[in-house]
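*Asks:*
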Amino acid sequence: MLRHAAKTDVGLVRQKNEDSFYTGCPLGGLENNLFIVADGMGGHKGGEYASRFVVRRIPDQLRGACRRNGVMNALREAVESTNKALNQIASEQEELEGMGSTLVMAYFNRTEWIVVNVGDSRAYLFENDTLRQITLDHSWVEELVRQGVLERDDPMYQANRNKITRAMGPEPLVDEDVFIVPAVSGQRLLLCSDGLHGMLSDEEIAAVLREEEDVDRAVSRLLRQALDAGGQDNVTVLLVEYRDESESEEE
Numbered sequence: 213m214l215r216h217a218a219k220t221d222v223g224l225v226r227q228k229n230e231d232s233f234y235t236g237c238p239l240g241g242l243e244n245n246l247f248i249v250a251d252g253m254g255g256h257k258g259g260e261y262a263s264r265f266v267v268r269r270i271p272d273q274l275r276g277a278c279r280r281n282g283v284m285n286a287l288r289e290a291v292e293s294t295n296k297a298l299n300q301i302a303s304e305q306e307e308l309e310g311m312g313s314t315l316v317m318a319y320f321n322r323t324e325w326i327v328v329n330v331g332d333s334r335a336y337l338f339e340n341d342t343l344r345q346i347t348l349d350h351s352w353v354e355e356l357v358r359q360g361v362l363e364r365d366d367p368m369y370q371a372n373r374n375k376i377t378r379a380m381g382p383e384p385l386v387d388e389d390v391f392i393v394p395a396v397s398g399q400r401l402l403l404c405s406d407g408l409h410g411m412l413s414d415e416e417i418a419a420v421l422r423e424e425e426d427v428d429r430a431v432s433r434l435l436r437q438a439l440d441a442g443g444q445d446n447v448t449v450l451l452v453e454y455r456d457e458s459e460s461e462e463e
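Just so you know, we're using my numbering here: the sequence shown kicks off at 213 and counts up by one.
(1) Should glutamine 359 go down as buried or exposed, given a rule of 16 or more other Cβ atoms within 10 Å for buried?
(2) Of all the options Val386, Ser351, Val361 and Leu401, which has the alpha carbon lying nearest to the alpha carbon of leucine 246?
(3) So, with DSSP's three-state summary, where would you put glutamine 305?
(4) Below 8 Å between beta carbons: does that hold for leucine 450 and aspartate 389?
(5) Using the Cα positions of phenylalanine 233 and glutamate 243, report the straight-line distance between them to the nearest angstrom.
(6) Using a 10 Å radius around the Cβ and a threshold of 16 neighbouring Cβ atoms, would you call aspartate 414 buried or exposed?
(7) Specify the secondary structure class of arginine 226 as computed by DSSP and reduced to three states.
(8) With 8 Å set as the bound, which would you pick, yes or no: does the beta-carbon of threonine 235 sit closer than that to a beta-carbon of chain C?
(9) Which same chain residues, not among the five before or five after threonine 323, have their C-beta less than 8 Å away from its C-beta?
(10) Is the CB-CB distance between alanine 290 and alanine 302 below 8 Å?
(11) Using alpha carbons as the reference points, say which of Tyr369, Tyr261 and Asn329 lies closest to histidine 350.
(12) Say the cut is 7 Å; is the CB of glycine 252 nearer than that to a heavy atom of the ligand MN?
(13) To the nearest whole angstrom, what separates the beta carbons of aspartate 221 and leucine 435, a pair I think is in contact under 8 Å?
(14) Below 8 Å between beta carbons: does that hold for methionine 311 and tyrosine 261?
(15) Pick helix, strand or coil for leucine 343, following the three-state DSSP scheme.
(16) For glutamate 324, which three-state DSSP category applies?
(17) For glycine 191, which residues in the same chain have their Cβ closer than 6 Å to its Cβ, ignoring the five residues on either side in sequence?
(18) DSSP beta-bridge partners for serine 397?
(19) Output the distance between the C-alpha atoms of aspartate 445 and aspartate 406, rounded to the nearest integer angstrom.
(20) Could you tell me whether the Cβ atoms of glycine 252 and leucine 308 are closer together than 8 Å?
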């Protein structure tokens, strides 16, 4: 059984919300086990358009996906065709030129989570009271951190943390990362935009997930704490909890 909750907020600085999300439950077709967070970028209406396009187009693509080629291939094809379509729209409409969006999505396949990301929106796994980042940020500063060139407490990190190196839309082809996580009862999967992980440390996020058993309360509290910390960007929080149905029956 999956329990989920999601909230998004414009934050305290931005004039409009360029984040979008999708939740598809309960278990069913490919698009019904899917969870997506997208953070748009681009002048005028570009960012808002791009993120909404991503969270609508990918589920639509999956509704007609051929299962014979496997779920993994279906997810990749949906991401890549969505990217190509978004790039085409940007090239044809001047007011949307240069638009793009991050993407982090998770598909629950009964025995595993398939996580896909492009950009710096993140997926975290919370298990046994421990929070672990699944995805790797496609951002200039995080790549320097992984190379050992930069520390996260360096002023340069904060000044440049919004410079991403991959996104949906700017180029006709996209290079998405895919991660496989075995599904274990009691797990929580957190998808979020940088409006959350840019405002709260991993330790602060983990503390909320330890203390709040209800997914709705956990999401609301994470969002509130991101705003209390400054709300410098749009904030989107999507939390999914997996519980084995046999355990629910025993309870």
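Don't be surprised by glycine CBs; every beta carbon is placed ideally from N, CA and C.
*Replies:* Based on what the coordinates show:
(1) Classification of glutamine 359: exposed, given that the 10 Å Cβ count is below 16.
(2) It is Leu401.
(3) Assignment of glutamine 305 by DSSP, reduced to helix, strand and coil, places it in the coil class.
(4) For leucine 450 and aspartate 389, no; Cβs fall outside 8 Å.
(5) One C-alpha to the other measures close to 13 Å.
(6) With fewer than 16 neighbouring CB atoms inside 10 Å of its own CB, aspartate 414 falls in the exposed class.
(7) Three-state DSSP puts arginine 226 in coil, outside helix and strand.
(8) Of the chains in the structure shown, none is chain C; there is only one protein chain.
(9) Excluding sequence positions up to five before and after threonine 323, its CB lies within less than 8 Å of the CB of Pro394 and Ala395, all in the same chain and listed in chain order.
(10) No, the pair does not count as a contact, with Cβ atoms beyond the cut-off.
(11) Nearest of Tyr369, Tyr261 and Asn329 to histidine 350, Cα basis: Asn329.
(12) In the structure shown, the ligand MN is absent, as is every other ligand, since no ligand is present at all.
(13) Sure, about 6 Å apart at Cβ, within 8 Å.
(14) Pairing methionine 311 with tyrosine 261 gives a Cβ-Cβ distance under 8 Å.
(15) Looking at leucine 343 - three-state DSSP - the assignment turns out to be strand.
(16) Collapsing the DSSP output to three states places glutamate 324 in a strand.
(17) Nothing in the structure corresponds to residue 191, since the chain is present only between 213 and 463.
(18) Its beta-bridge partners do not exist; DSSP assigns none.
(19) Each residue's Cα considered, the two are about 8 Å apart.
(20) Taking 8 Å as the Cβ cut-off, glycine 252 and leucine 308 do not qualify as a contacting pair.
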